[in-house]
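Undergrad:
In our numbering, the protein residues as written are 6 to 134.
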């Protein structure tokens, strides 16, 4: 049997997504909600609402950051995002090992419809539980 190996990967690209999660769920990290809301309020409304939906429906895409080339910084994340067609980003971030076949099918249907509803969101939030 092969000896397991532990790898270490670093880059501020990871920090971008973790910070985004912290700003949207401050209570989970011992931060004041008012402070986090103030930080979020500095974003234009459409972008802020999009990020809120992403954070509430998807795990942090750290697996995706891992696939980026060095340096895995914020610029690399933004550059990588521009290379993924908008219609493919949800699929890219919610890679198959996170969800069961039923949820992946629902995500594909959402992509085709161009909208999602509360039932889709609930399924996504409870997938694998």
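Every residue, glycine too, gets a C-beta built ideally from N, C-alpha and C.
Here the structure is a predicted model, which means the values were calculated and not measured.
When you compare only the Cα positions, how much space is there between residue 103 and residue 96?
TA: Cα to Cα, residue 103 sits roughly 11 Å from residue 96.
Undergrad: Taking the straight line between their C-alpha atoms, what separation do you get for residue 115 and residue 108?
TA: Cα to Cα, residue 115 sits roughly 10 Å from residue 108.
Undergrad: According to the neighbour-count rule (16 or more other Cβ atoms, all chains shown, within 10 Å of its Cβ), is residue 127 buried or exposed?
TA: The residue in question, residue 127, is exposed, as its Cβ has fewer than 16 Cβ neighbours within 10 Å.
Undergrad: Have a look at residue 40 and residue 74 and give me their C-alpha separation to the nearest angstrom.
TA: Taking the straight line from one Cα to the other gives about 34 Å.
Undergrad: Is the Cβ-Cβ distance between residue 22 and residue 66 less than 8 Å?
TA: A contact, by the Cβ cut-off of 8 Å.
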